[in-house]
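J.: In case it helps, numbering that gives the first Met the number 0 puts the sequence shown at residues 0 to 381.
Where a beta carbon is used, it is the ideal one built from N, C-alpha and C, also for glycine.
This is the structure, below, for whatever I ask next.
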Amino acid sequence: MYSSARFETRTVHAGQTVDPATGAIVTPIYQTATYVHDAIGVHKGFDYSRTANPTRSALERCLAALEGGAHCLAFASGMAATDTVVRLLRPGDHTLIGDDVYGGTYRLFKSEWERYGLTFSVVNMADLTAIEAALEPTTRLIWLETPTNPLLGLADIAAVVQLAHRHGILVCVDNTFATPYAQRPLELGADIVIHSTTKYLSGHNDVVGGAIIVRDASLHERFAFLQNSVGAVPGPFDCWLTLRGLKTLALRMQAHSTNALAIARHLEGHPAIARVRYPGLPSHPQHELARRQMAVFGGMLDVELRGGETAARHLCEHTRLFALAESLGAVESLIELPAAMTHASVAGTALAISPSLVRLSVGIEHMADLIADLDQALAQLL
Ligand SMILES: Cc1ncc(COP(=O)(O)O)c(C=O)c1O
């Protein structure tokens, strides 16, 4: 009913109906493992909660509507969703991944799936010529993050999809940083979208989850089989928390983006900062692509400190409002050192991150308080 409504309306209503038993406006938490059958083989659409659960189904319908997909499968984490996509492949298949992706994604691909005969290589996804040159006869999948974690590089989704489809290759976009409020890769031709719903989609640092969204019915059938067979499913309460968070996604993304742009502009002129990376700044090398591809520029930004690693560690440990913590995308502002925290697992690889780079996840607190917090921590470095 709401799948063709505007985005903000879909965040509040899509996939959710007034509970027919009670009139409850909010989808209930169906905290049940199993369902009573009317007769053998006769039930109301649910037989066991690993296979399907009404709270999870409401979340899946809502996420499919937000990404412009036809189907969604929810998972216990973003990594469980990622792992499920890789299970489409067969031994000998090759996947091309960006040269800057979440460290846990790279770790799963290289440390685990290579043991089962899959191969992976990295390439700069901003460079179409380099992508074409890196294709192998066995390439089946291109794995895109845009913006990337943590360097905030962009890929032109429509252009990469066009190139991939010419070669019969599937494109999966990890849309965690942008969210469907900022960009909808399926509408640009991508085959699969995955999310860590732990981040902006749930938005409150209170749940870990993941999702896969597709248009194609046969991909959906395969992923539904894997979701049920492997069983890395989220519990009903986690689905309910995510649904609740989604209702304010549009408002939150606006606030995150407004705050992040103000902070990026402020820090760009700061004497302790060597470089600010934020897609919304004209100094970002792909700012024009960001303007074309993204409705807002998001809440993530990076700074490189003039004082190198020592200064970066100092900044991380001396903010008061920005909490020193992994994860991102929630209402609370967070700060971290990727080289030692979220991306420690890629040290010594092609994806290694400079130890003088600090990643900020800008929350929805008042921007003046956030700027004052960063200023007081940076003042000690001057
Ligand atoms: C871009 C991106 N994708 C996937 C993941 C993995 O998600 P999860 O932590 O929910 O398993 C993360 C986690 O930080 C991430 O940043």
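Considering just the uninterrupted stretch of the alpha helix (DSSP H) at E131, what are its terminal residues?
T.: As a first step, residue 131 is located in the sequence shown; it is residue number 132 there, counting from the start. L127 to A133 is the span of the alpha helix (DSSP H), which, as asked, contains E131.
J.: Does the CB of I96 have a neighbour CB from chain C at under 8 Å?
T.: Protein chains in the displayed structure number just one, and chain C is not present.
J.: Which residues in the same chain as H158 place their Cβ atom closer than 7 Å to its Cβ, once the five residues preceding and following it in sequence are excluded?
T.: One-based indexing of the sequence shown puts residue 158 at position 159. In the sequence on display, residue 158 carries Ala and not His. If we look at A158 and ignore the five residues flanking it on each side, its Cβ neighbours are L127.
J.: To test your reading of the DSSP string, which unbroken alpha helix (DSSP H) runs of 4 or more residues are found completely within the stretch 167 to 196?
T.: Runs found: 178 to 181.
J.: Of all the beta strand (DSSP E) runs that stay within the bounds of the stretch 230 to 299, which reach a length of 3 or more residues?
T.: Within the stretch 230 to 299, the complete beta strand (DSSP E) runs of at least 3 residues are 272 to 276.
J.: Can you tell me whether H166 is buried or exposed, with buried defined as 16 or more other CB within 10 angstroms of its CB?
T.: Numbered from its first residue, the sequence shown carries residue 166 at position 167. It is exposed - the Cβ of H166 has fewer than 16 other Cβ atoms within 10 Å.
J.: Please state whether the Cβ-Cβ distance between V170 and A163 is less than 8 Å.
T.: Residue 170 sits at position 171 when you count from the first residue of the sequence shown. Residue 163 sits at position 164 when you count from the first residue of the sequence shown. Cβ distance < 8 Å, so V170 and A163 count as in contact.
J.: Under 8 Å: do the stretch 359 to 378 and the stretch 137 to 145 share three or more Cβ pairs, one atom per stretch?
T.: No, the stretch 359 to 378 does not touch the stretch 137 to 145.
J.: What does the Cβ neighbour count give for D368, buried or exposed, with the cut at 16 atoms within 10 Å?
T.: On the sequence shown, position 369 is the one that residue 368 refers to. Looking at its Cβ environment, which holds fewer than 16 other Cβ atoms inside 10 Å, D368 is exposed.
J.: Kindly confirm or deny that the stretch 333 to 348 and the stretch 286 to 298 touch, where touching means at least three C-beta pairs closer than 8 Å.
T.: Counting Cβ pairs under 8 Å, fewer than three are found: no touch.
J.: May I have the straight-line CA-CA distance separating H36 from S48, to the nearest angstrom?
T.: Along the sequence shown, read from residue 1 onward, the residue named residue 36 stands at position 37. Along the sequence shown, read from residue 1 onward, the residue named residue 48 stands at position 49. Approximately 14 Å, taken between the alpha carbons.
J.: From which residue to which residue does the alpha helix (DSSP H) around I156 run?
T.: Mapped onto the sequence shown, residue 156 falls at position 157. I156 to R165 is the span of the alpha helix (DSSP H), which, as asked, contains I156.
J.: For P149, count the other beta carbons within 10 Å of its own beta carbon; 16 or more makes it buried, fewer makes it exposed. Which is it?
T.: Translated into the one-based positions of the sequence shown, residue 149 becomes position 150. With 16 or more other Cβ atoms within 10 Å, it is buried.
J.: If you follow the beta strand (DSSP E) that G328 is in, where does it begin and where does it stop?
T.: In the sequence shown, the residue the question calls residue 328 occupies position 329. Taken as a continuous stretch (DSSP letters only), G328 belongs to no beta strand (DSSP E), as it is neither H nor E.
J.: Excluding the 5 residues flanking L300 on each side, which residues of the same chain have their C-beta closer than 6 Å to its C-beta?
T.: Indexing the sequence shown from 1 puts residue 300 at position 301. A259, A263, Y277 and L359.
J.: Where does the unbroken beta strand (DSSP E) through V121 begin, and where does it stop?
T.: In the sequence shown, the residue the question calls residue 121 occupies position 122. Looking at the DSSP string, the run of the beta strand (DSSP E) that includes V121 is T118 to V122.
J.: Is the separation between the beta-carbon of G244 and that of L200 shorter than 8 Å?
T.: For the purposes of this step, residue 244 is taken as the residue at position 245 of the sequence shown. For the purposes of this step, residue 200 is taken as the residue at position 201 of the sequence shown. Yes. Within cutoff.
J.: What first and last residue would you give for the beta strand (DSSP E) that runs through V84?
T.: Residue numbering aside, residue 84 sits at position 85 when the sequence shown is read from its first letter. Segment G77 to V85 is the alpha helix (DSSP H) holding V84; no beta strand (DSSP E) there.
J.: Counting Cβ pairs, one atom from each stretch, are 3 or more of them under 8 Å apart for the stretch 201 to 209 and the stretch 71 to 86?
T.: Yes, since at least three Cβ pairs between the stretch 201 to 209 and the stretch 71 to 86 fall closer than 8 Å, the two stretches touch.
J.: Please find out if some non-hydrogen atom of ligand 1 comes closer than 7 Å to the beta-carbon of T178.
T.: For the purposes of this step, residue 178 is taken as the residue at position 179 of the sequence shown. Because no heavy atom of ligand 1 lies under 7 Å away, the Cβ of T178 does not count as near it: no.
J.: For the stretch 1 to 16 and the stretch 49 to 62, state whether three or more C-beta atom pairs, one from each stretch, are separated by less than 8 Å.
T.: Touching, yes, given that three or more Cβ pairs across the two stretches are closer than 8 Å.
J.: Helix, strand or coil for D301 per DSSP?
T.: Taking the sequence shown and counting its residues from 1, the one referred to as residue 301 is at position 302. Correct three-state label for D301: strand.
J.: Name the residue from E325, I28, H70 and A189 whose alpha carbon lies nearest to the alpha carbon of N52.
T.: Stepping through the sequence shown from its first residue, residue 52 is reached at position 53. When only C-alpha atoms are compared, the closest one is I28.
J.: Ligand 1 and N204: does the residue's C-beta get closer than 7 Å to at least one heavy atom of that ligand?
T.: Position 205 of the sequence shown, counted from the start, is the residue given in the question as residue 204. N204 Cβ: outside cutoff for every heavy atom of ligand 1.
J.: I'd like to confirm the pairing. Which residues does DSSP put opposite V357 in its beta bridges?
T.: Counted from its first residue, the sequence shown places residue 357 at position 358. Partner(s): V302.
J.: What are the residues that DSSP puts in a beta bridge with E335?
T.: Against the sequence shown, residue 335 aligns to sequence position 336. Partner(s): R358.
J.: Give the secondary structure of F74 by DSSP, where H, G and I count as helix, E and B as strand, and everything else as coil.
T.: Numbered from its first residue, the sequence shown carries residue 74 at position 75. It is a strand residue.
J.: Span of the beta strand (DSSP E) holding H93?
T.: In the sequence shown, residue 93 corresponds to position 94, counting from 1. Note, H93: beta strand (DSSP E), H93 to G97.
J.: Just confirm the distance between the C-beta atoms of D46 and A349, as a whole number of angstroms; I'd bet it's less than 8 Å.
T.: For the purposes of this step, residue 46 is identified with residue 47 of the sequence shown, where counting begins at 1. For the purposes of this step, residue 349 is identified with residue 350 of the sequence shown, where counting begins at 1. D46 to A349, Cβ: 46 Å. No contact.
J.: Whole angstroms is fine: what's the gap from W371's alpha carbon to A271's?
T.: Along the sequence shown, one-based indexing puts residue 371 at 372. Along the sequence shown, one-based indexing puts residue 271 at 272. Just to set this straight, residue 371 is Ala in the shown sequence, not Trp. Cα to Cα, the separation comes out at about 15 Å.
J.: Tell me whether G103 counts as near ligand 1, meaning its Cβ is closer than 7 Å to at least one heavy atom of that ligand.
T.: The count along the sequence shown starts at 1 and reaches residue 103 at position 104. For ligand 1, at least one heavy atom lies less than 7 Å from the Cβ of G103.
J.: Roughly how many whole angstroms lie between the Cα atoms of R221 and V160?
T.: Residue numbering aside, residue 221 sits at position 222 when the sequence shown is read from its first letter. Residue numbering aside, residue 160 sits at position 161 when the sequence shown is read from its first letter. Computed Cα separation, rounded: 21 Å.
J.: Exposed or buried, what is P90 when buried is set at 16 or more other beta-carbons lying within 10 Å of its beta-carbon?
T.: Along the sequence shown, read from residue 1 onward, the residue named residue 90 stands at position 91. Exposed, by the Cβ-count rule.
J.: Flag this pair as yes or no: are the beta carbons of V172 and H70 separated by less than 8 Å?
T.: Position 173 of the sequence shown, counted from the start, is the residue given in the question as residue 172. Position 71 of the sequence shown, counted from the start, is the residue given in the question as residue 70. No, they are not a contact pair.
J.: With a threshold of 6 Å on Cβ separation, who are the neighbours of D190 within its own chain once the five nearest residues in sequence on each side are excluded?
T.: Stepping through the sequence shown from its first residue, residue 190 is reached at position 191. Taken in chain order, the residues that qualify are L169 and V170.
J.: Drop a sphere of 10 angstroms on the beta-carbon of A79, count the other beta-carbons inside from all chains shown, and report buried for 16 or more, exposed for fewer.
T.: The count along the sequence shown starts at 1 and reaches residue 79 at position 80. Its Cβ being crowded by 16 or more others within 10 Å, A79 is buried.
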